[in-house]
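Everything on this sheet refers to the single structure shown next.
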Amino acid sequence: MVKRTLSGTSLETLVSLSKRRGFVFQSSEIYGGLSSVWDYGPVGVELKRNVKDAWWRSMVRERDDVVGMDASILMHPDVWVASGHLESFTDPLVECVECHRRYRADQLESDVCPNCGGAFGEPRQFNLMFKTFMGALEEAANTVYLRPETAQAMFVNFENVQTTSRKKIPFGIAQIGKSFRNEITPGNFFFRTREFEQMEMEYFCEPGTDDEWYDYWINFSMNWFKSHGIRSEKLTLRHHDPDELPHYSKASADIDYEFPWGWDELETISNRTDFDLKAHARKTGKDISYFDDQQKKRYVPFVVEPAMGADRSVLAFLADAYDEEGEGKQRRVVLRFHPDIAPFQIAVLPLSRNDRLVPTARRVYGVLRSHFNTQYDDSQSIGRRYRRQDEIGTPLCVTVDFETVDEDDAVTIRNRDTMEQVRVPIENLETAIRDQLDLMRADSQG
Ligand code: GAP
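Residue numbers for the sequence shown follow the working numbering, beginning at 79 and rising by one.
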């Protein structure tokens, strides 16, 4: 149970590790960066892909009551009128009359500007949707919005998806995709950004069963994080007070994670009732309802929604995995990711670049990469390479040495967490790796 005693870390350390090891870079860095916009590097992109794949597996592929879709970011502008986002998707904004910095009024701890001590002007509601224009003319009639949530595409496609998938209620539609919000105060690395990816699922159920499904999806979501390695003690559930409910919600709960700066929102589960389907039916004049042929009745389904940020989850996985141990030369930084989340599962390391080792090392790499996400790493000393793989959280390193080619056609597997090494014949390597990864999976349940 290695994960339980992790050292934890500061946000600054995560920012610098992310840059040093190729997890996350600031966008347009050589131009001085673009505020609160981030790019994933070669290691980060693997981590994020694994997070999204793990979610998709649990949410869609391993269930027969949820199907997927992938909608466009741009939608008909009336979608946002009907959904209430044009009118209500706002935050209260105040501006300092001296330095003109802007803040969210509901997040301020004092009534003077934290930057210069100046007074604030009158608060006003600021709509968070990004606007752009479709077609050649930049005029109001051509205004379209970058979607602030992926959910609406699942509502407007409800009938298309239901009829083509022949799903009966209860069933869900899941989607992973970009959303955009012109946040007044983004920050904390890539925790709150203006462009981000969401993983959302809209679960359509019979009115009256919604409270039960709401509890079900809260438990499912909490368990998803734990079963992918987030420690239980770093997760908590927070029910929204009535005055903080989103405009579409009857009940919402946040799964909060203890980030380096404190507890903050990771995912929101909401009971959206029939708010969205009815709103789109009203606006389009179309009947968006469902005929239950067993009960012989027609109704507008209620919707329960687990809505998660892919990027925010990546940040939580990164923060949760971070550990430092040892002293002096023995000191190491190690990211103790669950094996399904780790950017790479295996690194193949020839002891050196000696010509006698390379063919065997490449052969082993060729075999392993078809089963596991595998990196080939042959630069610098073996000790440094182990440290580097520890810092990106690779669970197992496979080392090819002279004994391999001269004597036993066997390799060494080094375990990231225990640093124990075992010698395994190449012909048994795949099975031995699967066994070790299974043990590490079991060990890193939150
Ligand atoms: N469809 C419902 C919805 O969008 P939300 O609570 O506003 O609900 C869901 O967003 C999740 O999306 C959040 O819990 C968070 O993980 C992520 N998210 C929202 N705004 C974000 C931002 N500005 N930057 C990064 N992630 C964000």
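Virtual Cβ for every residue (Gly too), placed ideally from N, Cα, C.
Option nearest residue i by Cα separation, candidates the options
i	options	result
Val239	Tyr368, Asp495, Arg410, Val382	Tyr368
Glu200	Ile460, Leu171, Trp158, Ala214	Leu171
Glu140	Leu393, Ala252, Arg466	Ala252
Ser257	Pro248, Ala231, Thr242	Ala231
Leu206	His163, Val190, Gly406, Ala229	His163
Ile491	Asp484, Arg512, Glu485	Arg512
Pro155	Leu224, Ser299, Arg463, Phe337	Leu224
Tyr118	Leu393, Pro503, Asn506	Leu393
Leu152	Ala229, Leu474, Ile419, Leu186	Ala229
Gln408	Gly213, Arg465, Trp295	Arg465
Phe395	Glu124, Val115, His325	Glu124
Asn128	Val502, Val483, Gly307	Gly307
Asp334	His318, Met518, Thr452, Thr509	His318
Glu90	Pro226, Arg447, Tyr400	Tyr400
Glu275	Pro338, Tyr294, Thr210, Ser391	Ser391
Arg316	Asp456, Tyr326, Asn297, Arg309	Asn297
Asp456	Ser330, Val445, Asp486, Asp433	Asp433
Met497	Leu474, Arg440, Arg270	Leu474
Gly86	Glu508, Glu336, Val476, Asp486	Glu336
Asp486	Glu508, Ser459, Thr438, Gly444	Thr438
Ala488	Arg494, Asp495, Val476	Val476
Glu403	Arg494, Leu435, Gln458, Arg431	Arg494
Val483	Leu435, Asn506, Leu507	Leu435
Glu508	Phe450, Leu517, Ser136	Phe450
Pro289	Phe103, Arg501, Ala149, Val381	Sequence inspection shows Asp at residue 289; the Pro mentioned does not correspond to that position. Checked all of Phe103, Arg501, Ala149, Val381; the closest Cα to Asp289 is Val381.
Gln104	Phe267, Ile419, Arg431, Asp321	Phe267
Met279	Arg135, Ser188, Asp321	Arg135
Counted within 10 angstroms of its Cβ, other Cβ atoms place residue i as buried (16 or more) or exposed
i	result
Ile424	buried
Tyr109	exposed
Trp302	buried
Gly265	exposed
Lys374	exposed
Gly111	exposed
Ser166	exposed
Val442	buried
Asp218	Looking at the sequence itself, residue 218 is Ala, so the reference to Asp does not match. Its Cβ having fewer than 16 others within 10 Å, Ala218 is exposed.
Ala197	exposed
Lys312	buried
Met212	exposed
Lys126	buried
Trp158	buried
Ala132	buried
Leu92	buried
Trp295	buried
Leu215	exposed
Trp339	exposed
Pro192	exposed
Pro503	exposed
Val426	buried
Thr241	exposed
Gly461	exposed
Gly250	buried
Gln514	buried
Pro320	exposed
Gln458	exposed
Contacting residues, own chain, Cβ-Cβ under 7 angstroms from residue i (five flanking each side not counted)
i	result
Met79	Confidence at Met79 is low in this model, with a pLDDT of 43, below 50, so its placement is unreliable and the value that follows should be read with caution. For Met79, where only same-chain residues beyond five positions count, the Cβ hits under 7 angstroms are Asp521.
Phe204	Thr168, Asp169, Leu171, Ile262
Phe415	Gly307, Phe395, Ala399, Gly471
Arg270	Glu261, Pro264
Met277	Lys130, Trp133, Ile254, Met386, Ala388
Tyr527	Residue 527 lies beyond the range of the chain shown here (79 to 524); nothing can be said about it.
Close Cβ partners of residue i (< 6 angstroms) along its chain, the five nearest in sequence each way excluded
i	result
Glu469	Arg99, Val411
Val121	Arg99, Gly100, Phe101, Pro421, Ile470
Asp479	Leu429
Pro47	Residue coverage of the chain in this structure runs from 79 to 524, which leaves residue 47 outside it and unanswerable.
Ala160	Ala357, His358, Lys361
Leu446	Ile424, Thr452
Arg463	Leu427, Asp455
Met518	Pro417, Pro473
Thr314	Asp334
Other residues of its chain near residue i: CB distance less than 8 angstroms, five sequence neighbours each side excluded
i	result
Lys245	Asp143, Val145, Val239
Val378	Pro285, Asp352, Leu355, Lys356, Ala359, Ile366, Ser367, Tyr368
Ser299	Ile333, Glu345, Ile347, Pro384, Met386
Cys177	Cys191, Asn193, Cys194, Gly196
Arg440	Tyr454
Using 8 angstroms as the threshold, is the region 375-392 in touch with the region 174-184, meaning 3 or more CB pairs across them?
Below 8 angstroms, too few C-beta pairs join the region 375-392 and the region 174-184 to call them touching: fewer than three.
With a threshold of 8 angstroms, are at least 3 pairs of Cβ atoms found where one atom belongs to the region 337-348 and the other to the region 361-379?
no
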